[in-house]
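Have a look at the structure below before the remarks.
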Amino acid sequence: MMGRARSKSRQVLCTSISYFYVICLSAIFLVTMLMLTFRFLQMENPLRYSDPVLKSRNKDFEAQATSGAEDIPSLLRKLRDVPDQWDASAAHVWDSENAEYYYGCIKPSKNYSIDPNMEVNGYLLIAASGGLNQQRVGITDSVVVARLLNATLVVPHFDHRSYWKDPSNFSDIFDVDWFIQSVAPDVTVIKELPQTVRKSLPKQVYNLRVPRKVPAWYYSRRIRHLLKRKHVLRLTKFDYRLANELETDLQKLRCRTNYKALRFTKSLQDIGQVLVDRMRAKGRRYIALHLRFESDMLAFSGCYYGGGERERRDLGSIRKRWKSLRLQNPERERRLGKCPLTPEEVGIMLRALGYGNNTYLYVASGDVYNGEASLAPLKALFPNFYTKELLANQVELTPFANFSSRMAAIDYIVCSRSDVFVANNNGNMVRILAGERRFNGHKRTIRPNVRKLGVLFSARHNMSWEDFAKSVRHHQKGFIGDPMEVKPGRGGFHDNPAACICEVPEANETLRIWREQHVQRPKEKELQAQSEVGSSLVIPLEDRSDLMEEFNDLRGVRLSSDTEAAEELPLKDEVADEEENTDGETEGEAEGDDDGDNY
1 MMGRARSKSR
11 QVLCTSISYF
21 YVICLSAIFL
31 VTMLMLTFRF
41 LQMENPLRYS
51 DPVLKSRNKD
61 FEAQATSGAE
71 DIPSLLRKLR
81 DVPDQWDASA
91 AHVWDSENAE
101 YYYGCIKPSK
111 NYSIDPNMEV
121 NGYLLIAASG
131 GLNQQRVGIT
141 DSVVVARLLN
151 ATLVVPHFDH
161 RSYWKDPSNF
171 SDIFDVDWFI
181 QSVAPDVTVI
191 KELPQTVRKS
201 LPKQVYNLRV
211 PRKVPAWYYS
221 RRIRHLLKRK
231 HVLRLTKFDY
241 RLANELETDL
251 QKLRCRTNYK
261 ALRFTKSLQD
271 IGQVLVDRMR
281 AKGRRYIALH
291 LRFESDMLAF
301 SGCYYGGGER
311 ERRDLGSIRK
321 RWKSLRLQNP
331 ERERRLGKCP
341 LTPEEVGIML
351 RALGYGNNTY
361 LYVASGDVYN
371 GEASLAPLKA
381 LFPNFYTKEL
391 LANQVELTPF
401 ANFSSRMAAI
411 DYIVCSRSDV
421 FVANNNGNMV
431 RILAGERRFN
441 GHKRTIRPNV
451 RKLGVLFSAR
461 HNMSWEDFAK
471 SVRHHQKGFI
481 GDPMEVKPGR
491 GGFHDNPAAC
501 ICEVPEANET
511 LRIWREQHVQ
521 RPKEKELQAQ
531 SEVGSSLVIP
541 LEDRSDLMEE
551 FNDLRGVRLS
561 SDTEAAEELP
571 LKDEVADEEE
581 NTDGETEGEA
591 EGDDDGDNY
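Letter by letter, the sequence shown follows residues 1 to 599 in full-length UniProt numbering.
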């Protein structure tokens, strides 16, 4: 009897313990679900964030976003602590330190040659996609690919059906005869297929989309035999279809193409130089700002600017057009440095770097979100504010006004020839200009260290202007276009064309001493960075967000429903197109063995 009683008591105890465990696990599960739900609601409603660093920042943004033109004076009160001038005599504000010891070098090596008796493998057609500067990347790489394939290159065709819907052709933007002449020692380029070749072609030309950023051997081993068999091959959506790292002679070919062969038409050069001359007539030196603050770009970034319900509604409706976009945490995006600086923040950064209110500012931008309210603080900081529309009259701009790529080309010229170039984004135009300015003497080029500056701007009203400006200058080291700020081979080639930049031999000892005095050891740099505002380190150039590249890609997808129709490349009166035999997203497909930004 006693044994039975003990057995029953054990059963009751075990049952009770089991129930207890079940109840505990259920409670933990419910708490976890509540926490996840709360976090999800935070992501849906950025205004509920409790992050104290963002609260003050969001208050400023919300005031700005909800104010009309009549409330602009109230937006400017928070700039009262920003001086009109700040350390304008600081060294190298307008030029780069040690720039005189470097020069562009693009001559090929002695081993770079083509056998004149080598048989040409066929004709290469290129469909360059995207806006002007994305197309420029495609053109540059197409010359290298033609060299790798030993092919005759037909002048690249521009995509007219993407987001930009610009009907301009190559010859409308670039001097086509100069281009053909300039690359002649490297690649044979013709304006169109010879009539005899056209007549011998089948009704449809073979299309191929190569995966992005493939190495040079991919073309030599996998595309060349296909070109030999087909004789004429079209590469579609051709942008960033070649690896960043190539052998030195091929990198120099990229530079010869991009910096020498791609010259704008005379009409574009003339109007661009007119605007440059007018800027210099107003002020001897000027800054060019490439400002990206359009509503669709802000929506894509997933960032929050404190605009309340209006901003959530405006940007949320735009985000719905991209079904592939994941739900983003605005706080996380800002901490990762993926949120572009506002026009006001760009102005404050420039003042902290030493540019006073008497500086002349040329602004290249699209439609700025929230219009004049967003631009007012920047104009207050830099009243000598100009755009191409303010510098040129309507008659001068009329020939270009309805063509986004030609208008972008005008901005490119003015930005390229400026004393200082600054941007709040990392788009195609900024990348190419940064590389060109390095090649042409390391002209001062400022790209915000967004991750660090985001933290600084949030804490700005809690520190003196002197401390804030000092921190800005510290965190911008490595982001201002100086020589040696990026190691050769790191970052994108279009940002940092190291293979095309050489040191003056006589300066070796001078530069060695300078490096010893200024270049910190990695551990020292890490400790110093951690002691500043925030604990995260400066983002290396190669790790900086490719937000703009992703944005331009998705923007094209959003507005281009007929995917292959956007890649059509008619040969004169014929529609020489076929079903895309390969999507090019895997090596097997791209092999084709079965006959298969404006900015």
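Heads up, the beta-carbon is just placed ideally off N, CA and C, and yes, glycines get one too.
When the Cα atoms are used, what is the spatial distance from residue 120 to residue 187? Within the sequence shown, the letter at position 120 stands for residue 120. Within the sequence shown, the letter at position 187 stands for residue 187. Their Cα atoms are separated by approximately 11 Å.
Using only the alpha-carbon positions, how far apart do residue 262 and residue 81 sit? Looking up residue 262 in the sequence shown gives position 262. Looking up residue 81 in the sequence shown gives position 81. About 46 Å.
Whole-angstrom Cβ separation of residue 343 and residue 378, contact assumed at under 8 Å? Stepping through the sequence shown from its first residue, residue 343 is reached at position 343. Stepping through the sequence shown from its first residue, residue 378 is reached at position 378. Between residue 343 and residue 378 the beta-carbon gap is near 4 Å, inside 8 Å, which marks them as a contact.
Alpha-carbon spacing of residue 367 relative to residue 401, whole angstroms: By 1-based counting over the sequence shown, the position of residue 367 is 367. By 1-based counting over the sequence shown, the position of residue 401 is 401. Near 15 Å, if we compare the C-alpha coordinates of residue 401 and residue 367.
Looking only at its own chain, which residues have a Cβ that is under 7 Å from the Cβ of residue 328, when we skip the five neighbours before and after it? Walking along the sequence shown from the start, residue 328 turns up at place 328. Correct list, in chain order: 302.
What are the boundary residues of the alpha helix (DSSP H) that includes residue 415? Walking along the sequence shown from the start, residue 415 turns up at place 415. Per DSSP, residue 415 is one residue of the alpha helix (DSSP H) stretching across 404-416.
Cβ contact check for the stretch 238-253 and the stretch 203-217: 3 or more pairs under 8 Å: Judged by Cβ distances under 8 Å, the stretch 238-253 makes contact with the stretch 203-217, as three or more pairs qualify.
Find out if the Cβ-Cβ distance for the pair residue 173, residue 272 is shorter than 8 Å. Translated into the one-based positions of the sequence shown, residue 173 becomes position 173. Translated into the one-based positions of the sequence shown, residue 272 becomes position 272. Cβ atoms of residue 173 and residue 272: not closer than 8 Å.
May I have the straight-line CA-CA distance separating residue 459 from residue 475, to the nearest angstrom? Locating residue 459 in the sequence shown gives position 459, where the first residue counts as 1. Locating residue 475 in the sequence shown gives position 475, where the first residue counts as 1. Straight-line spacing of the CA atoms in residue 459 and residue 475 works out to 15 Å.
In angstroms, rounded to a whole number, what distance separates the CA positions of residue 507 and residue 487? On the sequence shown, residue 507 is found 507 positions in, with the first residue counted as 1. On the sequence shown, residue 487 is found 487 positions in, with the first residue counted as 1. Each residue's Cα considered, the two are about 18 Å apart.
So, for residue 85: in the same chain, excluding its five sequence neighbours on each side, which residues have a beta-carbon less than 6 Å away from its beta-carbon? The residue you call residue 85 lines up with position 85 of the sequence shown. Listed in chain order, the non-local C-beta contacts of residue 85 below 6 Å within the same chain comprise 356, local neighbours out to five positions each way being set aside.
If we ignore side chains and look at the alpha-carbon of each, how far apart do residue 175 and residue 266 end up? For this step, residue 175 is matched to residue 175 along the sequence shown. For this step, residue 266 is matched to residue 266 along the sequence shown. Those two C-alpha atoms are separated by around 8 Å.
What residues match up with residue 152 in a beta bridge as DSSP calls it? Working through the sequence shown from its first residue, we reach residue 152 at position 152. 123.
In angstroms with no decimal places, state the Cα-to-Cα distance between residue 575 and residue 180. Numbered from 1 along the sequence shown, position 575 holds the residue referred to as residue 575. Numbered from 1 along the sequence shown, position 180 holds the residue referred to as residue 180. Since pLDDT at residue 575 reaches only 36, below the 50 mark, its modelled position is unreliable, and the value read off the structure follows with that caveat. Near 25 Å, if we compare the C-alpha coordinates of residue 180 and residue 575.
Between the Cα of residue 498 and those of 504, 510, 484, spot the shortest distance and give me the residue it belongs to. Numbered from its first residue, the sequence shown carries residue 498 at position 498. Answer by Cα proximity: 484.
In whole angstroms, what is the alpha-carbon distance linking residue 108 and residue 249? Looking up residue 108 in the sequence shown gives position 108. Looking up residue 249 in the sequence shown gives position 249. Rounded to the nearest angstrom, the two C-alpha atoms are 6 Å apart.
Which of the three DSSP states, helix, strand or coil, is assigned to residue 365? To locate residue 365, count along the sequence shown from 1; it is residue 365. It is a strand residue.
Which one or two residues does DSSP pair with residue 101 in a beta bridge? On the sequence shown, position 101 is the one that residue 101 refers to. The partner list for residue 101 (beta bridge, DSSP) is empty, contrary to what the question assumes.
Take the Cβ of residue 383 as the centre, count every other Cβ of all protein chains shown within 10 Å, and call the residue buried at 16 or more, exposed below. As a first step, residue 383 is located in the sequence shown; it is residue number 383 there, counting from the start. Burial call: exposed.
Using only CA atoms, which one of 339, 198, 494, 450 lies nearest to residue 473? Here residue 473 refers to the residue found at position 473 when the sequence shown is read from its first residue. Sorting 339, 198, 494, 450 by C-alpha distance to the C-alpha of residue 473 places 450 at the top.
Let me know the secondary structure DSSP gives residue 234 once reduced to three states. Taking the first residue of the sequence shown as 1, we reach residue 234 at position 234. Of the three classes helix, strand and coil, the one that applies to residue 234 here is strand, per DSSP.
Is residue 503 helix, strand or coil by DSSP? Along the sequence shown, read from residue 1 onward, the residue named residue 503 stands at position 503. It is a strand residue.
Return the residue from the list 331, 353, 426, 256 that minimises the CA-CA distance to residue 183. Locating residue 183 in the sequence shown gives position 183, counting from the first residue. The candidate whose alpha carbon is nearest that of residue 183 is 256.
Endpoints, alpha helix (DSSP H) assigned at residue 469: In the sequence shown, counting from the first residue as 1, residue 469 sits at position 469. Residues 465-476.
Could you tell me which of 397, 171, 96, 279 sits nearest to residue 438, measuring between CA atoms? On the sequence shown, residue 438 is found 438 positions in, with the first residue counted as 1. Considering only alpha carbons, the answer is 96.
Looking only at its own chain, which residues have a Cβ that is under 6 Å from the Cβ of residue 385, when we skip the five neighbours before and after it? Numbered from its first residue, the sequence shown carries residue 385 at position 385. Listed in chain order, the non-local C-beta contacts of residue 385 below 6 Å within the same chain comprise 361, 379, local neighbours out to five positions each way being set aside.
Here's a check: name, in chain order, each residue in its chain whose Cβ is nearer than 6 Å to the Cβ of residue 228, leaving out the five neighbours to either side. Here the question's residue 228 lines up with position 228 in the sequence shown. Cβ within range, chain order: 121.
Proximity winner among 153, 210, 491, 351, relative to residue 465 (alpha-carbon distances): Here residue 465 refers to the residue found at position 465 of the sequence shown. Among 153, 210, 491, 351, the Cα nearest to that of residue 465 belongs to 351.
For residue 331, does the count of other Cβ atoms within 10 angstroms reach 16, so buried, or fall short, so exposed? Position 331 of the sequence shown holds residue 331. Looking at its Cβ environment, which holds 16 or more other Cβ atoms inside 10 Å, residue 331 is buried.
Please confirm whether residue 493 and residue 204 have their CB atoms less than 8 Å apart. By 1-based counting over the sequence shown, the position of residue 493 is 493. By 1-based counting over the sequence shown, the position of residue 204 is 204. No, they are not a contact pair.
Using a 10 Å radius around the Cβ and a threshold of 16 neighbouring Cβ atoms, would you call residue 134 buried or exposed? Here the question's residue 134 lines up with position 134 in the sequence shown. Counting the other CB atoms within 10 Å of its CB gives residue 134 a total of 16 or more, which places it among the buried residues.
Could you check the C-alpha separation between residue 322 and residue 358 for me, to the nearest Å? Translated into the one-based positions of the sequence shown, residue 322 becomes position 322. Translated into the one-based positions of the sequence shown, residue 358 becomes position 358. Going from the Cα of residue 322 to the Cα of residue 358 covers about 43 Å.
Can you check DSSP and say which residues form a bridge with residue 290? On the sequence shown, position 290 is the one that residue 290 refers to. Beta-bridge pairing links residue 290 to 364, 423.
In this structure, does DSSP put residue 496 in helix, strand or coil? Indexing the sequence shown from 1 puts residue 496 at position 496. Reduced to three states, the DSSP call for residue 496 is coil.
Is residue 350 helix, strand or coil by DSSP? Stepping through the sequence shown from its first residue, residue 350 is reached at position 350. DSSP places residue 350 in the helix class (H, G or I) of the three-state scheme.
Based on DSSP bridge pairs, tell me the residues matched to residue 446. Walking along the sequence shown from the start, residue 446 turns up at place 446. Answer is 422, bridged to residue 446.
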